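All residue numbers for the sequence shown refer to full-length UniProt numbering, where the first residue is 1 and numbers rise by one. A short worksheet on the structure shown next.
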Amino acid sequence: MDSETAQLERQLEEARKLREEAERQADEAKRRADEAEQRIQPNSLFGLLEGCHTLSQAIQVKSNARLTTYGDYTNPTNRLLPHHVRLWEDFPRLQEEVWEKINSDPSFPFERHFASNHYLTYPLRFGPWTYSSAPLQEFQQDIVDHFVSRIISALRKNEALSSKLHLQGRGRRRIHGLEFCVHVVDSERQRPIFAVEFKSPQRLTLADLISGLHEMDIARDVFGKEIESFEFRATYLVAALITQIFSYMVDSGVQYGEIITGGASIFLHIPEDPTTVLYFLSVPNQDVGMDERYNLHRTAVGQKLAFTLNAIAAAPPTHEWHDTALEKLSTWEGKYTNVLRSAISESIWKAPPTSEYKPLSWGPIKRSPYNTQSRTICQPNRTTPDRTSKEGSENRNDSGPPKEQPGCAREERGSCHETPSTRAVTREYCTPKCIRGLLEQGPLDPACPNVEAHGCGTHSLSASEFTCRLHDQLIHDRHEGFEQLHIRGRIGFMLKASLLSHGYTVILKAVTARREANIKKEAQVYNRLRSLQGYQIPVFVGQFKPRSTYWYHGELMARMMILSWSGLRISTIRDKENTPFFETEREKLLKVLRSHGMVHGDSEWRNVLWNESASCAVMIDFEDVTWLEKKGGAPVKD
Numbered sequence: 001m002d003s004e005t006a007q008l009e010r011q012l013e014e015a016r017k018l019r020e021e022a023e024r025q026a027d028e029a030k031r032r033a034d035e036a037e038q039r040i041q042p043n044s045l046f047g048l049l050e051g052c053h054t055l056s057q058a059i060q061v062k063s064n065a066r067l068t069t070y071g072d073y074t075n076p077t078n079r080l081l082p083h084h085v086r087l088w089e090d091f092p093r094l095q096e097e098v099w100e101k102i103n104s105d106p107s108f109p110f111e112r113h114f115a116s117n118h119y120l121t122y123p124l125r126f127g128p129w130t131y132s133s134a135p136l137q138e139f140q141q142d143i144v145d146h147f148v149s150r151i152i153s154a155l156r157k158n159e160a161l162s163s164k165l166h167l168q169g170r171g172r173r174r175i176h177g178l179e180f181c182v183h184v185v186d187s188e189r190q191r192p193i194f195a196v197e198f199k200s201p202q203r204l205t206l207a208d209l210i211s212g213l214h215e216m217d218i219a220r221d222v223f224g225k226e227i228e229s230f231e232f233r234a235t236y237l238v239a240a241l242i243t244q245i246f247s248y249m250v251d252s253g254v255q256y257g258e259i260i261t262g263g264a265s266i267f268l269h270i271p272e273d274p275t276t277v278l279y280f281l282s283v284p285n286q287d288v289g290m291d292e293r294y295n296l297h298r299t300a301v302g303q304k305l306a307f308t309l310n311a312i313a314a315a316p317p318t319h320e321w322h323d324t325a326l327e328k329l330s331t332w333e334g335k336y337t338n339v340l341r342s343a344i345s346e347s348i349w350k351a352p353p354t355s356e357y358k359p360l361s362w363g364p365i366k367r368s369p370y371n372t373q374s375r376t377i378c379q380p381n382r383t384t385p386d387r388t389s390k391e392g393s394e395n396r397n398d399s400g401p402p403k404e405q406p407g408c409a410r411e412e413r414g415s416c417h418e419t420p421s422t423r424a425v426t427r428e429y430c431t432p433k434c435i436r437g438l439l440e441q442g443p444l445d446p447a448c449p450n451v452e453a454h455g456c457g458t459h460s461l462s463a464s465e466f467t468c469r470l471h472d473q474l475i476h477d478r479h480e481g482f483e484q485l486h487i488r489g490r491i492g493f494m495l496k497a498s499l500l501s502h503g504y505t506v507i508l509k510a511v512t513a514r515r516e517a518n519i520k521k522e523a524q525v526y527n528r529l530r531s532l533q534g535y536q537i538p539v540f541v542g543q544f545k546p547r548s549t550y551w552y553h554g555e556l557m558a559r560m561m562i563l564s565w566s567g568l569r570i571s572t573i574r575d576k577e578n579t580p581f582f583e584t585e586r587e588k589l590l591k592v593l594r595s596h597g598m599v600h601g602d603s604e605w606r607n608v609l610w611n612e613s614a615s616c617a618v619m620i621d622f623e624d625v626t627w628l629e630k631k632g633g634a635p636v637k638d
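Pasting the structure below:
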């Protein structure tokens, strides 16, 4: 009996162990399934930031100070030189204010709009990354810039946040070597917002930045001195690099910039005084590591997002700002590489023990949504406090955020009133028939939206009088009545202009001195095709050479042509369904032009407009045309 009882107990124990093992395996399978589901589930904003930060931490930055002697990519010679380099003391506060706006919508930070953890961890399967120029740009473009763009796209879909953050258009980069300018693109409008330059850590180490990035007057503190220490060599390198991107910023017409060096970023801002550039050094992995509880907004993606949104919200520099830059800024003289080659002492390559990064101006955070308490990458169900951070509130000064511009919707013929520099351009464009009537001093067009401001019966101004008055208005005030459309063609820049005294609202095509001959030839084409103006081509009213400086995207305009508004570019409205119709209309247009002896050399869609009210295609941009001889001879190039 005892043996039977013992055997039964053994069987029960074995059954219990089997049941427990089955339960354990089931729990393990469920855990793996849950983890797999979490990995493929879309991320929230904070989950995305933390995932990107984990990826950033996996990148190994390897640098060799001996390679920082004189790189091919830094050459400040003949570049515009800032007089003063100063700390950007407001930077943390301005960044924090952006996050306060984002967090004002209690649901957005937790909505799952973004890439899963499975996507984010994919690059880690190939081992650790090592920063050099190419991988640095890959991480910046494929991770940081990509997800900043995705976050901004999600913010744009949130009506309240889009309005608060002044979001229109999408980002696009115009690349120039290792320098490029980031643009906001909305249909055919492209507005530059900030400049970026890459510098690999092999050419500029973190120790270089820590020792060399400080407040300085470059002409006084750098020029004419021998490089005899690591600290001064680093100062010289940093001064040269800042000068290079500063010059690019001024030339591009932007006041924001960033130098990316692999694990570190220098954020730059040129204030109202264009002889000064402000800097702020950030090492995101270390900024987050100083306090792991509430610092996701200090990650590489978090900081780049806030910086980008601040740059978007800022008004472009004024004409007066450009005038001051032209008047007061000089250029870097002397050969940069020659000075570095002369520095042969080994001591200047060895970083001093004091080259340790210490975050600047980041105050303590009491409560914020930017929680990084858990360092694991998979946190699909994470929770965070619902209050914004007050970081740095005790150190705030009177300097305010960037000038902001109200949001605006894209209208077919209306104005996008973007900045203080475009005040009073609120009228719709005059009709082509109205402007043709002005050219002929004929009757007013009752269909023109501005007809009540034009007078009674017939046009009271001639084309030459209109041209003179618009020019005088520009001389008196370069802002009021003139709106830069941020549309750039092959040779010209487009503006919307209103003659305030009579309400006429037209297009200005402005060019630099290098393109002045092109626009003069284009005016000749308009004059030869006068009978088509207002129908198959825009009305050409006149042209003038501005007697005051006028700046557009950092370039000085030398001549302006006055044209009627004539429709929307077909390239912006064409789709699969309507393309056959537009192709037929374009062929009709080209036949009309040919019947008048002209062959257009660039009839791509970007040069063809659609005038909805007249139901016809309109050709623009006549820099490249061929004139046909009347008596069967060979074509004559104009």
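Just so you know, even glycine gets a beta-carbon here, dropped at the ideal spot from N, CA and C. Fair warning: this is a prediction, and the values are worked out from it, not measured in the lab.
Beta bridge counterpart(s) of residue i as assigned by DSSP
i: residue 642; result: Shown here, the chain extends from 1 to 638; a query on residue 642 therefore has no answer.
i: Tyr552; result: Glu555
i: Lys509; result: Met494, Met561
i: Leu609; result: Arg569, Val618
i: Ser149; result: DSSP output for Ser149 lists no bridge partner at all.
i: Gln533; result: Ile537
i: Phe114; result: Asn43
i: His600; result: Val625
i: Phe544; result: Met560
i: Asp217; result: His84
Rounded distance between the beta-carbons of residue j and residue i, thought under 8 Å
i: Tyr429; j: Gln484; result: Not quite, the Cβ-Cβ distance comes to about 15 Å (not below 8 Å), so this is no contact.
i: residue 709; j: Ala195; result: Only positions 1 to 638 of the chain appear in this structure, which leaves residue 709 out of reach.
i: Tyr550; j: His319; result: 7 Å
Three-state secondary structure assigned by DSSP to residue i
i: Val288; result: helix
i: Thr299; result: coil
i: Pro192; result: strand
i: Pro538; result: coil
i: Gly51; result: helix
i: Ser247; result: helix
i: Ser200; result: coil
i: Asp2; result: helix
i: Cys468; result: helix
i: Asp142; result: helix
i: Cys456; result: coil
i: Ser282; result: strand
i: Cys416; result: Residue placement at Cys416 is poorly supported in this model, since its pLDDT is 40, which falls under 50; the coordinates still yield a value, given next. Correct three-state label for Cys416: coil.
i: Asp186; result: strand
i: Asp27; result: helix
i: Thr77; result: strand
i: Leu161; result: helix
Per-residue burial, residue i [other beta carbons within 10 Å of its own, 16 or more giving buried]
i: Pro192; result: buried
i: Pro76; result: buried
i: Asn117; result: buried
i: Asp287; result: buried
i: Cys456; result: exposed
i: Asn578; result: exposed
i: Lys335; result: exposed
i: Leu508; result: buried
i: His454; result: buried
i: His486; result: buried
i: Ser265; result: buried
i: Asn527; result: exposed
i: Gly263; result: buried
Residue i, enclosing beta strand (DSSP E) - first and last residue
i: Ile227; result: Where Ile227 is concerned, there is no enclosing beta strand (DSSP E), given that its DSSP letter is neither H nor E.
i: Glu483; result: 482-488
i: Trp332; result: It is not in any beta strand (DSSP E) - Trp332 carries neither H nor E in the DSSP assignment.
i: Ser265; result: 265-269
i: residue 642; result: Absent from the structure is residue 642, since the part of the chain shown begins at 1 and ends at 638.
Start-to-end residues for the alpha helix (DSSP H) that takes in residue i
i: Ile210; result: 206-212
i: Phe91; result: 91-103
i: Leu444; result: That residue, Leu444, is in no alpha helix (DSSP H); it is neither H nor E in DSSP.
i: Val525; result: 516-528
i: Phe108; result: That residue, Phe108, is in no alpha helix (DSSP H); it is neither H nor E in DSSP.
i: Ser501; result: Unbroken run through Ser501: none, as it is neither H nor E.
i: Asp323; result: 319-328
i: Leu593; result: 579-595
i: Ser462; result: No alpha helix (DSSP H) contains Ser462, which DSSP labels as neither H nor E.
Contact test: residue i Cβ vs the ligand COA heavy atom, cutoff 6 Å
i: Ser149; result: The model depicted lacks the ligand COA and carries no ligand whatsoever.
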